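Novice: Let me give you the structure first, and then I'll get to my questions.
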Amino acid sequence: MQYDFDDQKDYLNTMVDKVSSVLANAIEHTGCAGLAVSGGRSPVPLFERLSLEALPWEKIHITLVDERFVPPDHPDSNERLVRTHLLKNRARQARFTGLVSHPGDLALCLQDANRQTHAISLAVLGMGDDGHTASLFPEAPQLEQALDTQASHRYVHVSPAHAPHERISMTLAALLASGHLLLAISGPHKRRIAEQAALQATPRLPVSYLISQSGVPLDVYWHP
Numbered sequence: 008m009q010y011d012f013d014d015q016k017d018y019l020n021t022m023v024d025k026v027s028s029v030l031a032n033a034i035e036h037t038g039c040a041g042l043a044v045s046g047g048r049s050p051v052p053l054f055e056r057l058s059l060e061a062l063p064w065e066k067i068h069i070t071l072v073d074e075r076f077v078p079p080d081h082p083d084s085n086e087r088l089v090r091t092h093l094l095k096n097r098a099r100q101a102r103f104t105g106l107v108s109h110p111g112d113l114a115l116c117l118q119d120a121n122r123q124t125h126a127i128s129l130a131v132l133g134m135g136d137d138g139h140t141a142s143l144f145p146e147a148p149q150l151e152q153a154l155d156t157q158a159s160h161r162y163v164h165v166s167p168a169h170a171p172h173e174r175i176s177m178t179l180a181a182l183l184a185s186g187h188l189l190l191a192i193s194g195p196h197k198r199r200i201a202e203q204a205a206l207q208a209t210p211r212l213p214v215s216y217l218i219s220q221s222g223v224p225l226d227v228y229w230h231p
């Protein structure tokens with residue numbers, strides 16, 4: 008489902024309500040919930056608001072959709088972003104698993120990341136100007152592996168062609184195994200990219216594999 012907003016406050020409130028509803032529903036039916044979140048600056052207002060929600064956070068496990076291979080205290084670290092803006096207030100009771108467990112060894116980090124077994128009730132995603140989502144970048148040498156819907160592993164190493172840092176990213180298979188997907192985009196350029204991605208799945212726009220699929224509920228939130 009697509010939601011269009013002119014007002015930033017309505018855009019944010021509706022996303023917070025959706026995330027809270029999906030997590031609460033998962034807890035009601037299974038006793039726990041899993042939330043996977045993306046980094047960057049765009050999710051910060053969502054994280055700040057979500058941290059205040061009256062949810063049973065002790066039953067929620069938070070992890071990352073993707074991560075830059077940098078130490079957790081690095082300015083570009085998604086873990087640092089999440090700890091600063093989400094894991095506070097009421098949400099400080101949530102359990103969290105980062106992806107850079109061994110800052111000097113990417114292979115060990117990937118190994119640890121793929122040991123995660125908790126189900127993902129909801130994955131919160133963004134989209135780049137090049138059509139990437141998570142760290143599924145077009146032209147990355149590992150993209151074909153990352154887009155393999157038969158892949159048994161949750162995370163893969165990705166080397167972006169035009170972005171800094173090596174990455175650890177959820178595979179397409181893992182994203183499609185989530186209970187629900189939320190995609191937040193902003194600006195007219197990204198809207199055109201999203202509309203193009205809805206036409207057919209193509210590795211030129213990796214986000215197209217999520218937008219054009221119908222197997223997992225996907226909500227797209229757009230504002231100017």
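Our numbering applies: residue 8 is where the sequence shown begins, and numbers increase by one.
For glycine and all other residues, C-beta sits at the position ideal for the given N, C-alpha and C.
Just so it is clear, the structure is predicted and the values come from calculations on it, not from any experiment.
In the structure shown, what three-state DSSP assignment does M134 receive?
Specialist: The residue labelled residue 134 in the question sits at position 127 within the sequence shown. Three-state result, M134: coil.
Novice: Use the C-beta contact count for T37: other C-beta atoms within 10 angstroms, 16 or more gives buried, fewer gives exposed.
Specialist: Counting from 1 along the sequence shown, the entry for residue 37 is found at position 30. Classification of T37: exposed, given that the 10 Å Cβ count is below 16.
Novice: By the 10 Å Cβ neighbour count, where 16 or more other Cβ atoms means buried, how is N85 classified, buried or exposed?
Specialist: Counting from 1 along the sequence shown, the entry for residue 85 is found at position 78. Buried.
Novice: Output the distance between the C-alpha atoms of G46 and L62, rounded to the nearest integer angstrom.
Specialist: Counting from one through the sequence shown, the residue named residue 46 turns up at place 39. Counting from one through the sequence shown, the residue named residue 62 turns up at place 55. Taking the straight line from one Cα to the other gives about 22 Å.
Novice: For L71 and R90, what's the separation of their Cα atoms in angstroms?
Specialist: As a first step, residue 71 is located in the sequence shown; it is residue number 64 there, counting from the start. As a first step, residue 90 is located in the sequence shown; it is residue number 83 there, counting from the start. Rounded to the nearest angstrom, the two C-alpha atoms are 11 Å apart.
Novice: Nearest by alpha-carbon distance to P3: which of H172, R56, D119 is it?
Specialist: Residue 3 is absent from the structure shown; the chain starts at 8 and stops at 231.
Novice: For D136, tell me which candidate among K16, V29, Q203 has the shortest Cα-Cα distance.
Specialist: Along the sequence shown, read from residue 1 onward, the residue named residue 136 stands at position 129. Checked all of K16, V29, Q203; the closest Cα to D136 is Q203.
Novice: Between the alpha carbons of P145 and A168, how many angstroms are there, rounded?
Specialist: Against the sequence shown, residue 145 aligns to sequence position 138. Against the sequence shown, residue 168 aligns to sequence position 161. Answer to the nearest angstrom: the Cα atoms are 8 Å apart.
Novice: Kindly provide the ranges of any beta strand (DSSP E) runs that are 3 or more residues long and lie completely inside the region 58-108, ordered along the chain.
Specialist: Segments of the beta strand (DSSP E) lying fully in the region 58-108: 67-71, 73-75, 102-104.
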